[in-house]
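Numbered per the working numbering, the sequence shown spans residues 808 to 1240. Below: one structure, written as structure tokens.
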Amino acid sequence: MGSQVLRLWLLTQSLSFMVAGGSVTALLIYHHLMSTTFGTFMLLVFITNISGAIGVLSTLAGTILIEREWVVVMSNGQPPEVLTKMNSVIRRIDLVCKLLAPVFTGFIISFISLKASAVILALWNTTSVWLQYWLLKSVYNGIPALNESSQRGNLKLIPSDPWNNSSIIEVNESSICPDRRNIETEAPAWKMRIIEKLSILPCFDAWIVYAKQEVVLPGIALALLYFTVLSFGTLMTATLEWKGIPAYVIGLARGISAIVGIAATVVYPVLHSHLSTLRTGLWSVWTQWCCLLICVASIWVRNGITSAWMLMGGVAASRLGLWMFDLAVIQHMQDHVPESDRCIVGGVQNSLQSMLDLLTYIMGLWTAGAHVIFVSNIICSLVYHPHISCSKTSLSLRQAAHKDQLVGKSSLIISKKWLFPSVYIATMLLLEQ
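Structural data, given as structure tokens:
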């Protein structure tokens, strides 16, 4: 079953990007189609977007399988720092590839042509799929625990009587959402009606599983960080260009930001060895917030160039805390989510992050104008991000209370109540409990 999943994932990913590369190549070669044959032009655009979306979706499925399932299975029975190092190395490889891919593409476009870049993309996905499959298959066959974990997952979905439809439904429901029956028996009538209406939504059971997890608060905190323009995305790049920053300077700032992110994967294991996972995430998210204060300060700088440099510098520096927080939340989920729910929780987590990322662009359309980035800076940095940090702080304090360490740990935060009022309120509520 595991090898079949690998083949399906890699085949779908490779074919999707091949089709996308071919359709983009056709659009670049026959650039006159928009004026001559508009229907064909729109068809190629449609194929490009759909195949690209399918490719990204299949890549996401593979990422969930490896980062949420395989890594945990391979680290079972090993010291805790092994999982930390594996997560850091995987994230480092991911960030290095994201740094180098645009560089290589830029060289191809500059020294060959734009059409050649599309052709090379399609050829690369055709040839690299075999290397990916060989590497992943070697890992799968070389670690028996992966096959055993896959077989345990399959047994949960196999009904005891294949001819009895009721048993099939019962097994599938209990395996997908074991907490749903508890909700149905314990919830009042009005809640039952709401649940019944919402149950027609796709993957509703998966969202129930996610909501019942202990890690739901850190997961939501991580997802909320995607609802921001304080990253080198489309909105921020457009604003920097509007302020007169040359493209090569923006590219250089992006490179520095990526290097800082890679450095975070080196710092995280060191910090984690001296602190717990939750406290590492807590320090990371507050470090990110402090760096983003530079971006907020840039709003009141009259010199446009200086303001842009402060904005880029603050965002680049904040990547250190961002990626350490990402690693901390992922490891927290790996440690506390049951084996049967890992992929479900990982899928819902990525769906939530994608939805909030989409809301960023909707916000950009709603507040159309070059000044949108500055308004978003105030919203995200002065209001939004502190509440994310306070959510993480509250969870950390709650776990500290379980270890009878709350009074000593909270004294420092209470003494700073003038600086972090939300943390102070959360601490006092926890002390009253």
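Every residue, glycine too, gets a C-beta built ideally from N, C-alpha and C.
Close CB contacts of I861 within its chain, under the 8 Å cut and outside five residues either way in sequence, are with T819 and S823 (chain order).
The C-alpha of H1139 is placed about 11 Å away from the C-alpha of L890. If you draw a straight line from the Cα of T832 to the Cα of L840, it comes to about 13 Å. Shown here, V1108 sits in coil according to DSSP, grouped into three states, outside any helix or strand. Residue range P887 to F918 is occupied by the alpha helix (DSSP H) that includes C904. Per DSSP, the unbroken alpha helix (DSSP H) holding G1171 starts and ends at R1149 to W1173. Between the segment 881–900 and the segment 1118–1136 there are three or more inter-stretch CB-CB distances shorter than 8 Å, so the stretches are counted as touching.
Taking the Cα of V1155 as reference, the smallest distance to any Cα among I1015, T934, M1117 and S920 is reached at I1015. For the 8 Å CB-CB criterion, S865 and A827 do not form a contact.
Taking the CA atoms as reference points, W1096 sits about 20 Å from S1083. For T1041 and L1047, the gap between their C-alpha atoms comes out near 10 Å. If you keep only unbroken beta strand (DSSP E) runs of at least 3 residues inside the segment 1012–1085, you get nothing at all. Within the same chain, and ignoring the five residues on either side of V878 in sequence, the residues whose Cβ sits closer than 6 Å to its Cβ are M893. Between the C-alpha atoms of W941 and P951 there is a straight-line separation of about 17 Å. In this structure, DSSP gives P1145 a state outside helix and strand, which the three-state scheme calls coil. In this structure, G869 is the residue among S1105, E888 and G869 with its C-alpha nearest to the C-alpha of Q939. Burial state of A996 is exposed, judged by a 10 Å Cβ sphere holding fewer than 16 other Cβ atoms. In this structure, T855 and S821 do not form a Cβ contact; the two beta carbons are roughly 16 Å apart against a cut-off of 8 Å.
Apart from the 5 residues on each side of it in sequence, T912 sits with its Cβ closer than 6 Å to the Cβ of S924 in its chain, given in chain order.
Your pair A1123 and A1060 checks out as a contact, with CB atoms roughly 6 Å apart and the cut at 8 Å.
Look at N932 here: in three-state DSSP terms it is helix. Distance from V903 to I1069 at the Cβ level is roughly 6 Å; contact confirmed, criterion being Cβ atoms closer than 8 Å.
Rounded to whole angstroms, the separation of the alpha carbons of L1078 and E876 is 24 Å.
Per DSSP, N883 is not a residue of any alpha helix (DSSP H), being assigned neither H nor E.
Only residues of its own chain outside the window of five on either side were considered, and among them V1122 have a CB closer than 7 Å to the CB of S1038, listed in chain order. Excluding five sequence positions before and after V910, none of the CB atoms of its chain fall closer than 6 Å to its own CB. From the listed residues W1093, H838 and L1118, the smallest Cα separation to W1130 is found for W1093. The three-state reading of DSSP puts H838 in coil, since its state is none of H, G, I, E or B. An exposed status is given to P1053, since fewer than 16 other beta-carbon atoms sit within 10 Å of its beta-carbon. The alpha-carbon of L943 is positioned some 8 Å away from that of L813.
When secondary structure is reduced to three states using DSSP, T847 falls in the helix class.
When rounded, the separation of the alpha-carbon atoms in V1036 and M1117 is 15 Å. A Cβ-Cβ contact shorter than 8 Å links A1030 with Q1160. Taking 8 Å as the cut-off, the Cβ atoms of E888 and S1080 count as close.
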